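**Q** My questions will all concern the structure given below.
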Amino acid sequence: MPYAYSFVVVVVVVDVVIILVHLLIVIAGKERFAFKGVASNLVTYLTDVMKMSNSSAAKTVSSWNGLTSMLPLLLAPLADSYWDRHSTILAFSFIYVLGLMALTSTAFAWAESPANTTSCSSFLFLPLSLISLGLAGYNPSLQAFGADQMDNNNDDEEILPCTPDNQNKKSNNNKSLFFKWWYFGVYSGSLLGITLMSYIQDTFGWVIGFAIPTIAMLTSTAFFSFASRFCKKKSDHEALKSKPFMSIVQAIKVAASKLKNGKAISPIDKSDAMELELQEKPLCCNDQNKELDDELENPKNVKYAVQNVKILLRLLPIWTMLLMFAVIFQQPVTFFTKQGMAMKRNIGSRFKIPPATLQSAITVSIILLMPLYDTVLIPIIQIITCYQFKKGISVMQRMRIGMFLTSIAMVIAAAVETKRLQTSKQAEAEPISIFWLLPQYVLLGISDIFTVVAMQEFFYNEVPVRMRTMGFALYTSVFGVGSFLSALLISVIEFFTSSRARQSWFSDDMTQARLDLYYWVLASASALSLLLYSILCRFFKSRSDLDNGN
């Protein structure tokens with residue numbers, strides 16, 4: 259009878275967790291709908307409404323995306339060290355909604371007085387900054403909060419007995435599955451935001467086009483407020499211990515104090531001596547492991563803090579090589595969209611395809627191919643590799659495949675743009691169809707499946723356990739720095755190509771622009787990054803390998 263009762267309790271608890279995790283995925287999808295509803299067509303808003311040049315609009319969108327992606331790197335230490343994730347999500351969702359409401363107000367102000375675009379342009383900075391700030395605290399915390407629901411390692415009580423190894427394997431498998439479905443959920447929301455909102459904005463205007471994402475984010479916040487009542491949260495004891503950045507700061511203070519007093523910093527302190535002594539003995543007792551972990555998490559333990567810093571610094575080369583991948587992913591929301599505006603977009607006599615809608619090809623590729631990744635691709639690769647990798651191919655290899663596909667996508671983009679330019683210079687020739695852009699979008703979607711999911715899993719697993727929010731921030735910072743790098747690259751190329759007596763590569767006259775040459779530059783830089791990344795992979799050791807002494 260007790261076993262039957264335990265079984266019923268397990269089933270009920272598991273069902274509740276599954277429902278909550280699915281609800282959190284829906285909440286994340288609604289947020290992506292709101293963000294993509296604004297970001298995917300923003301370059302059109304800047305050029306057609308705010309009357310910016312193509313290059314200025316592209317740099318503005320890239321810089322804003324960079325700010326949006328970089329701010330989590332600054333806010334993650336605060337979320338990890340001072341705030342609990344639940345409060346962080348609620349506070350920053352309010353800022354997020356405030357920014358969306360302010361953006362809707364700018365569109366309304368322009369609709370009331372279209373001639374006064376200067377004041378609207380200057381006021382545009384505030385709502386975009388609020389959206390970036392709100393998203394920076396909201397997204398990493400929400401994803402880490404969702405992953406926490408699948409974590410059984412920190413539970414004070416176990417419903418059924420199991421060995422630590424089995425428990426860790428189950429937890430890791432659950433998290434890996436969670437990341438994939440989370441990714442599926444947010445891209446479903448992105449698909450709806452890109453396709454629906456770009457059509458509404460181009461057809462019915464920008465006021466309603468920005469108001470709908472605002473309402474979506476409001477309802478998302480309300481859903482989270484309800485669902486979070488039943489979610490797993492850190493206890494006060496855990497919250498007090500989870501201050502990794504404070505421990506690093508304290509360790510630096512202790513080290514500086516020792517140096518000031520003339521004491522050498524060596525691993526012969528009491529805590530470190532205990533660590534070395536215990537490492538030479540078999541650890542059979544959970545209580546002994548717990549005491550050792552507590553000792554090594556002492557904020558005054560210099561070795562613990564230095565180890566955390568080392569783990570972050572050793573990820574820097576891999577992080578750097580991923581930047582060109584992020585630069586290329588700025589093209590769909592900038593110059594790919596401007597390309598589409600210069601191509602044939604008619605279907606029938608009345609309907610015109612909004613250029614930003616083609617960004618949905620990336621999302622559709624992901625949604626359709628993601629299930630095949632587990633059911634078709636992975637089993638084939640497992641057979642080829644003789645089951646060397648549990649997931650068929652390693653995380654590092656998945657990122658490499660994605661980087662290779664982005665290089666191919668840019669080669670195709672350059673070839674399509676060359677054909678568009680040749681056709682545009684023929685007197686009676688009809689512009690080529692916008693569907694010529696589909697192959698480069700689809701390839702970017704496939705590369706996204708390999709690289710982005712792998713990046714999230716890679717940074718989540720390679721950071722210290724109590725710096726998981728920082729791990730998500732490292733992932734988003736790749737796209738942040740990549741966005742700024744894209745804006746810088748546009749400025750440099752524009753400076754050198756427009757200094758002579760000819761049009762810039764990014765000319766507003768799309769018959770004179772040379773985006774094909776720009777795409778060739780990106781393809782070459784991406785290929786170089788892939789080569790350097792492949793070299794780095796030969797020498798890189800994962801955190802698990804280092805922990806096992808490999």
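Here the sequence shown stands for residues 259 to 808, numbered as in this note's numbering. Ideal Cβ placement from N, Cα and C applies to all residues, glycine included. Computed from a predicted model, the values in this text were never measured in an experiment.
1. Determine the direct distance from the alpha carbon of Val-296 to that of Gln-597, and round the result to whole angstroms.
2. Less than 7 angstroms separating the beta-carbons of Phe-437 and Glu-720?
3. Between the stretch 650–664 and the stretch 463–473, do three or more beta carbon pairs fall short of 8 angstroms?
4. Identify which residue in Trp-368, Thr-621, Leu-332 and Val-585 has its Cα closest to the Cα of Pro-398.
5. Considering only the alpha carbon of each residue, which of Leu-580, Met-599 and Leu-384 lies closest to Leu-786?
6. Should Tyr-718 be counted as a contact of the ligand GDP given a C-beta to heavy atom distance under 6 angstroms?
7. Are the CB atoms of Val-301 and Val-319 within a distance shorter than 7 angstroms?
8. Let me check one thing: in DSSP terms, what residues is Ile-605 bridge-paired to?
9. Excluding the 5 residues preceding and the 5 following Ala-781 in the sequence, name in chain order all residues of the same chain whose CB lies nearer than 7 angstroms to its CB.
10. Considering only their Cβ atoms, is the gap separating Phe-708 from Leu-732 smaller than 7 angstroms?
11. Does DSSP put Asp-766 in a helix, in a strand, or in coil?
12. Reducing DSSP to helix, strand and coil, say where Ser-298 ends up.
13. Comparing C-alpha positions only, which one of Ser-784, Ser-311, Ser-792 and Val-567 sits nearest to Val-653?
14. For Gln-698, count neighbouring C-beta atoms within 10 Å of its own C-beta (all shown protein chains included) and say buried if the count is 16 or more, exposed if not.
15. In the structure shown, what three-state DSSP assignment does Ser-652 receive?
16. When the distance is taken between beta carbons, is Lys-602 closer than 7 angstroms to Ser-456?
17. Mind checking who Ser-691 pairs with in its DSSP beta bridge?
18. Give the DSSP-derived three-state secondary structure of Val-669 in the structure shown.
19. Kindly indicate which residue of Leu-788, Lys-317 and Val-444 has the alpha-carbon position closest to the one of Ile-624.
20. Nearest to Ser-314 by CA position, among Ser-765, Leu-794 and Thr-769, is which residue?
21. Using the C-alpha atoms, what's the distance from Gly-324 back to Ser-390?
22. So Ser-298 packs on Ala-614, CB below 8 angstroms; how close in whole Å?
23. Short of 6 angstroms in beta carbon distance, which residues of its chain neighbour Met-449, apart from the five on each side in sequence? Order them along the chain.
24. Excluding sequence positions up to five away, which residues of its chain have a Cβ less than 8 angstroms from the Cβ of Met-713?
**A** Working from what's here:
1. 19 angstroms
2. no
3. no
4. Leu-332
5. Leu-580
6. Among the components modelled here there is no ligand, and therefore nothing to report on the ligand GDP.
7. yes
8. Phe-609
9. Ser-665, Met-668, Val-669 and Ala-672
10. no
11. coil
12. coil
13. Ser-792
14. buried
15. coil
16. no
17. Lys-602
18. helix
19. Val-444
20. Ser-765
21. 9 angstroms
22. 5 angstroms
23. It should be pointed out that residue 449 corresponds to Leu in this sequence rather than to Met. So the qualifying residues of the chain are Ser-618 and Thr-621.
24. Leu-580, Met-657, Tyr-733 and Val-736
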